[in-house]
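Structure first, commentary second.
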DNA sequence: CCCCAGGCCGCGC
DNA sequence: GCGCGGCATGGG
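In the working numbering, the protein residues as written are 13 to 231.
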């Protein structure tokens, strides 16, 4: 495999230069200041809500939770299940997700657990798979786990010819990048942005900022 | 009408 | 370990 540490870092630099800082994970800091809630709980809740769902729809659900004072573990646990389902309905799979929000809120309380919980233990919680676990560890826990998603897989397969299982890709990224939490956060966000702008299912190779490092530009 | 979106789970093989 | 169907709303 030709792709090396420097190639991967170059991709990061190119994306950062093209799109600027993404500042993921988006959280309403002011809301949490005013309500005395922990913004890390919004990250966990958002991570569950966004499973196979557009962020646009998730935002509607989050707004509903805010309006009802339920954008926290305590808020989720104090909201009756049928009410919770109603609030998060715009995010899809709302019956599944309402139950999972209850389970996750209970198992991750207090939210400081995100600093110490083991990845395997996180994965044993209903509703938390590999990607959601790594989102929680990285964005809520500030721990160096690289998040892989469908976009990430598509991009590295196209530009480097690299493919593999979730765990294989995660260790590929982590092995080819310095262990830097802020880098991991920003890089993942940039990859998602790039997948939406250029590296779509039907790629728009014209004007792509990664043409110079891609093994198969303009198909 | 179609397809997709910041996946996960349970099942069969 | 891998592939599949079910889960559901809202946009393009």
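The beta carbon of each residue, even a glycine, is placed where N, CA and C say it ideally should be.
The DSSP-derived three-state label of residue 125 is helix. Residue 59 places its beta carbon 8 Å or farther from that of residue 164. With a contact defined as Cβ atoms closer than 8 Å, residue 189 and residue 27 miss out at about 13 Å. Shown here, residue 82 sits in coil according to DSSP, grouped into three states, outside any helix or strand. Take the alpha-carbon of residue 121 and the one of residue 220: they are about 43 Å apart. Collapsing the DSSP output to three states places residue 187 in a helix. A direct Cα-Cα distance of roughly 38 Å separates residue 174 from residue 85.
Residue burial annotation: residue 93 is exposed, with fewer than 16 other C-beta atoms found within 10 angstroms of its C-beta. Listed in chain order, the non-local C-beta contacts of residue 77 below 6 Å within the same chain comprise 83 and 99, local neighbours out to five positions each way being set aside. In the three-state reduction of the DSSP assignment, residue 120 falls in the coil class.
A contact between stretches requires three or more CB pairs, one per stretch, nearer than 8 Å, and the region 110 to 129 fails this requirement with the region 179 to 189. Within the same chain, Cβ atoms closer than 8 Å to the Cβ of residue 51 are found at 39, 40, 41 and 44, the five residues on either side in sequence being excluded. Judged by DSSP in its simplified three-state form, residue 139 adopts coil rather than helix or strand. In the structure shown, residue 172 adopts helical secondary structure according to DSSP, grouped into three states.
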